[in-house]
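Quick note: the first sequence uses numbering that gives the first Met the number 0, first residue 0, plus one each step.
Ideal Cβ positions, reconstructed from N, Cα and C, are used throughout, including at glycine.
All of these numbers come straight from a predicted model, not from anything done at the bench.
Accompanying notes for the structure given below.
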Amino acid sequence: MRMSRSILNDRIIKIIRQVPEGRVATYGQIAVYAGNRGAARQVSWVLHSSSDKENLPWHRIVNSSGRISLKPQRGYELQKSLLQAEGVFFDEDDRIDLEKYGWNPL
DNA sequence: TTACTGACCTTTT
DNA sequence: AAAAAGGCCAGTA
């Protein structure tokens, strides 16, 4: 039985909203907390389709290697500057230390 | 209904 | 370390 679309999407949105300032979460992490382990791709779709409409902190979502998934000239620079403005540090390989900045819900 | 797509992930080369 | 392969999900044509 497949899950109704609005439930999964609403959960994804709700969880993204919980990521605090100065922290980041991965797509897969969001998917797991939304109750669907393999829905990482859906997370990206939700962000793409309604990050603006739902007023989501889209910039706090990065991929599992701690890097920004957006391509240069396609939002990458904006996301990076938004994160840096929140105090997130990027190392020389342009990576974020997930152990330190990764969101760990309580 | 099938085929393709996207801001992905994990395992295996 | 880096790249390829296979998997997974829902929306759109």
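Cβ pair residue i, residue j closer than 8 Å
i	j	result
Trp20	Glu85	Checking the sequence, you will find Glu at residue 20 rather than Trp. It is a contact, given that the beta carbons lie within the stated cut-off.
Tyr26	Ser43	yes
Ser64	Arg36	no
Leu46	Leu55	yes
Rounded separation between residue i and residue j - CA only
i	j	result
Val23	Ile11	15 Å
Gly74	Leu81	11 Å
Gln72	Arg66	16 Å
Asp51	Ile14	16 Å
Glu53	Gln28	20 Å
Arg1	Val31	Only weak support exists for where Arg1 lies, its pLDDT of 49 falling under 50; the coordinates are left without a value.
Asp96	Glu76	18 Å
Closest Cα partner of residue i within the set the options
i	options	result
Pro104	Ala33, Asn8, Asp9 and Ile6	Ala33
Gly101	Gln83, Val61 and Arg16	Val61
Neighbourhood of residue i by C-beta, 8 Å cutoff - its chain only, sequence neighbours within 5 removed
i	result
Leu7	Ala33, Gly34, Asn35, Ala38 and Gln41
Close beta carbons around residue i, own chain, < 6 Å, minus the five adjacent residues each side
i	result
Glu91	none
Same chain, Cβ closer than 7 Å to residue i, five either side skipped, listed in chain order
i	result
Gln78	His58, Ile67 and Leu69
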